[in-house]
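According to UniProt numbering, the residues represented by the sequence shown are 1 to 387, in order.
Shown next, in structure tokens, is the structure this report addresses.
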Amino acid sequence: MQLSKTASSFTESVIREMTRICDSVNGINLSQGFPDFPTEEVIKNAAVKAILEDVNQYSVTFGSENLRRAIANKVKRFNNLTVDAENEITVTCGATEAMLCALKAVINPGDEVIIFEPFYENYGPDVILSGAAARYITLHPPKWQFDYEELRRAFNEKTKAIVINTPNNPTGKVFSKTELEYIAKLCKEFNALAICDEIYEHITYDGETHISIASLPGMYERSITINSASKTYSVTGWRVGWAIAPPNITKLIRTVHDFMTVGAPAPLQEAVAYCMELKEDYYNKLCNHYYEARNYMSKVLVDCGFELYEAQGAYYFLVNCEQLMKQFSVKDDFEFSRALIEKTGIATVPGTSFYVNKLKGFHQVRFCYCKSFDTLYESEKRLRKLV
Ligand SMILES: Cc1ncc(COP(=O)(O)O)c(C=O)c1O
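Here is the structure:
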């Protein structure tokens with residue numbers, strides 16, 4: 001029997017493979033982007049409270065009223081967005097589902113979607129599953145900038161949307177206001193949508209601030225803003241995310257979402273609504289931890305022979321490892337990642353997994369540093385074996 005050609009064309013996540021090898025040598029997993037420190041007590045208690053209060057049945061499919069109201073308040077407070085909780089928010093099972101629902105809600109056969117590469121692993125399959133064709137625009141190190149003219153040439157009458165992820169995984173880039181304004185101008189000119197994944201919005205460094213493209217003049221009506229509790233509240237296993245879009249788009253996102261998953265976990269939606277009332281010091285503490293972790297790990301990696309590029313947000317480094325590849329006598333990023341686990345017990349993600357144009361990631365690997373300082377100290381010890 002011929003099973004789905006599309007599904008068969010997807011390869012297993014490289015991160016899972018690296019995690020498996022890492023576990024087999026009892027290594028440290030700096031490949032997968034989830035925190036290894038405990039979630040804040042108040043956040044855990046909010047979930048326990050909701051379960052004990054018997055919020056245990058299906059919620060409204062597109063999200064509990066409490067959570068949608070909390071999201072509307074939060075985006076007013078942080079993102080300069082005025083959103084109607086009744087008609088413009090869909091709560092989903094993580095940003096992952098929000099992105100797929102968003103694409104499925106807007107794509108028709110023949111449509112094109114522009115994606116910046118290196119990209120978060122899911123975007124390629126998401127675009128294929130939605131039936132669109134992807135066009136890739138490269139972010140160039142060291143500052144991860146894109147060529148404005150190349151981007152303009154990628155837009156055409158078939159362009160339905162551009163996917164932006166800021167702050168960015170895997171590069172750490174925070175898109176500037178000028179860049180977002182340029183993208184917004186192209187979206188208007190070519191009647192395209194901006195689908196913006198803002199899951200790392202609270203993790204920015206060196207005075208950089210996150211800007212929602214939907215908050216730029218004339219952009220709300222052509223934007224879908226995607227976010228989730230995963231990274232902001234260190235609850236990647238809760239699976240609560242959301243998509244904000246004008247009513248006509250939200251209507252279709254909700255329809256797709258309803259058939260896909262019915263709804264996100266009801267008690268955890270209430271807990272996330274609680275989280276959204278946390279004061280500034282919660283967000284400052286989160287960001288400070290990652291700021292210290294970034295500074296600490298950047299020194300370690302440079303000392304050990306990696307070439308680092310700018311990272312102004314999120315919690316990853318996509319580094320150049322060409323020098324060490326020569327030292328290890330390996331021919332590509334995969335062999336390098338495997339050799340690094342063997343020599344140090346540290347797992348990374350091979351750079352080519354973030355590119356369609358594989359050559360661009362050949363000399364790169366991604367480290368994540370969303371870990372406790374104990375883990376980072378131990379990582380340093382192991383990495384210093386290289387020098
Ligand atoms: C850019 C980006 N978007 C989405 C996700 C997944 O989000 P969620 O856990 O909310 O599904 C990740 C997880 O690493 C990510 O890096």
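Just so you know, even glycine gets a beta-carbon here, dropped at the ideal spot from N, CA and C.
Values in this document were obtained by computation on a predicted structure and should not be read as measured data.
Closest residue to residue i among the options (Cα-Cα distance)
| i | options | result |
| --- | --- | --- |
| S223 | G237, A245, T236, W238 | A245 |
| Q57 | Y291, A264, V356, F334 | A264 |
| G345 | I15, S379, D333, E88 | S379 |
| F373 | E86, M297, M325 | M297 |
| T232 | Y290, V349, R16, A132 | Y290 |
| P350 | V174, H363, G110 | H363 |
| S59 | T261, T6, K385 | T261 |
| N79 | H202, R338, E121 | H202 |
| D111 | V127, Y120, T6, E121 | V127 |
| P125 | K358, T250, T6 | T6 |
| K331 | L359, M1, V240 | L359 |
| S24 | E198, E342, I199, E157 | E342 |
| S337 | V300, E40, T11, L30 | L30 |
Residue i: CB within 7 Å of a non-hydrogen atom of ligand 1
| i | result |
| --- | --- |
| I253 | no |
| N169 | yes |
| S31 | no |
| N165 | yes |
| I199 | yes |
| G94 | yes |
| T348 | no |
| residue 404 | Past the boundaries of the shown model lies residue 404; the chain is included only from 1 to 387, so the question cannot be answered. |
| S13 | no |
| residue 392 | Outside the modelled stretch of the chain, which goes from 1 to 387, sits residue 392, for which no answer is possible. |
| G241 | yes |
| S228 | yes |
Beta-carbon proximity list for residue i, same chain, < 7 Å, skipping 5 on both sides
| i | result |
| --- | --- |
| Y355 | E117, P118, G361 |
| L216 | L180, E181, A184 |
| I213 | I164, L180, I183, A184, A194, C196, M219, S223 |
| P267 | A47, A50, I51, V55, N56 |
| P247 | N87, E88 |
| E53 | none |
| T375 | I28, D36 |
| K76 | T82 |
| L340 | I346, T348 |
Own chain, CB closer than 6 Å to residue i, minus 5 neighbours either side, in chain order
| i | result |
| --- | --- |
| A316 | Per the sequence shown, the amino acid found at residue 316 is Tyr instead of Ala. Excluding positions up to five away in sequence, the list reads N169, P170, G172, R366, C368. |
| F155 | L186, F190 |
| A273 | N66, L67, A70 |
| Y136 | I115, E117, V356 |
| L324 | G305 |
| K177 | I211 |
| L252 | A105 |
Residue i Cβ short of 7 Å to ligand 3 heavy atom set
| i | result |
| --- | --- |
| Y136 | Ligand 3 is absent from the structure shown, which contains only ligand 1. |
Nonlocal neighbours in the same chain, by C-beta distance under 8 Å from residue i, ignoring five residues either side
| i | result |
| --- | --- |
| T61 | R254, H257, D258, V262, G263 |
| K74 | M276 |
| K385 | K343, T344 |
| K160 | V106, I107, N108, D111, E112, V113, A132, A192, L193 |
| R152 | L186 |
Check whether the stretch 199 to 208 and the stretch 129 to 145 are in contact - that is, three or more C-beta pairs closer than 8 Å.
Contact fails: fewer than three Cβ-Cβ distances are below 8 Å.
Would you be able to state if there are at least three C-beta pairs under 8 Å between the stretch 189 to 202 and the stretch 88 to 105?
Because the criterion of three Cβ pairs below 8 Å is met, the stretch 88 to 105 and the stretch 189 to 202 touch.
If you pair each beta-carbon of the stretch 82 to 102 with each one of the stretch 220 to 240, do three or more pairs fall below 8 Å?
Yes, they touch.
Are the stretch 40 to 47 and the stretch 274 to 284 in contact at 8 Å, needing three or more beta carbon pairs?
Contact check between the stretch 40 to 47 and the stretch 274 to 284: three or more CB pairs, one atom from each, fall below 8 Å, which counts as touching.
For the pair the stretch 246 to 262 and the stretch 104 to 113, tell me if three or more CB-CB distances fall below 8 Å.
Segments in contact, yes.
Validate contact between the stretch 33 to 40 and the stretch 229 to 243 using beta carbons, cut 8 Å, 3 pairs
At 8 Å Cβ cutoff, the stretches touch.
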